[in-house]
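This report refers to the structure that appears directly beneath it.
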């Protein structure tokens, strides 16, 4: 059936399309404007911003807020910790969860239904903060970088996503590899992971965003300021300073003054931009299937 042109659409269809467009524009504005507001105010002079009335463009452009942020050695250390835990955490989480999901996808796995039932229970019930804290303490992970990695190695929710994808992989791929003498580990590393890049990229993005935004782990399990992630640093900045306090600039050669509110906004921008820049590089995997052409015949 040929597609209808704009002139052939009924009045009701035109109204419906217009309502959809307007609704999406409103949704985009509501979603993006708070980000724009934070960016604009972070680029404005801190004391001038205390007067209010800045909504679309900076009234008095200034980079003093960002100079104060980057002059703070603590934020750069926290940024390094966050980058390290995000990269290491994503690699370990994706590999470990995918490996378990691959085992779950095997029909010959003994007790598979029992494991699935136990895993499903964990989606709805958790041990709570106090038992979790006691477990982390007894494992010797308090004030250790490993506390960011080991407890988040596995997610049953991500396993379900991996499992749904692995079940769609043709059995012919594995059979051909076994004929060539490959074992389970070789099949997983050389075949399953390469053809599963769309779901790997999706899980990597989900877990990477969680790792980057996680402030709770650093707040509860870390006392050493050198192991504090950027989001915990930001949380403490927001919690400890008032919105109209004037803060003397920190760092050599900076003689201006900024407000704690402007520093908060600049810190928010600095902590958000890296994960925003990473997303476009992973987005292509969401719509691109690498299984096309893998089996002919």
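Numbering (this note's numbering), first residue to last: -7 to 289. Think of the CB as a built atom: it goes at the ideal place given N, C-alpha and C, for glycine as much as any other residue. Keep in mind that this is a model prediction, so the values were computed, not measured.
Query	Result
Using DSSP with H/G/I as helix, E/B as strand and the rest coil, what is residue 36?	strand
Cβ of residue 35 within 9 Å of Cβ of residue 57?	yes
Taking the continuous alpha helix (DSSP H) assigned at residue 193, which residues delimit it?	189 to 205
What does the alpha-carbon distance come out to for the pair residue 94 and residue 158?	7 Å
Looking only at its own chain, which residues have a Cβ that is under 8 Å from the Cβ of residue 137, when we skip the five neighbours before and after it?	73, 76, 77, 219
Just list the alpha helix (DSSP H) runs in the stretch 38 to 111, keeping only unbroken ones of 4 residues or longer that don't cross its boundaries, in chain order.	38 to 41, 56 to 63, 65 to 96
In angstroms with no decimal places, state the Cα-to-Cα distance between residue 227 and residue 176.	45 Å
Please classify residue 225: is it buried, with 16 or more other beta-carbons within 10 angstroms of its beta-carbon, or exposed?	buried
Smallest Cα separation from residue 142: which of 160, 83, 120, 64?	83
Decide if residue 48 is buried, meaning its Cβ has at least 16 other Cβ atoms within 10 Å, or exposed.	exposed
Leaving out five residues on either side along the sequence, give the residues of the same chain with a beta carbon under 8 Å from the beta carbon of residue 207.	221, 223, 224, 226, 227
Count the other CB atoms within 10 Å of the CB of residue 294; is the residue buried (16 or more) or exposed (fewer)?	Nothing in the structure corresponds to residue 294, since the chain is present only between -7 and 289.
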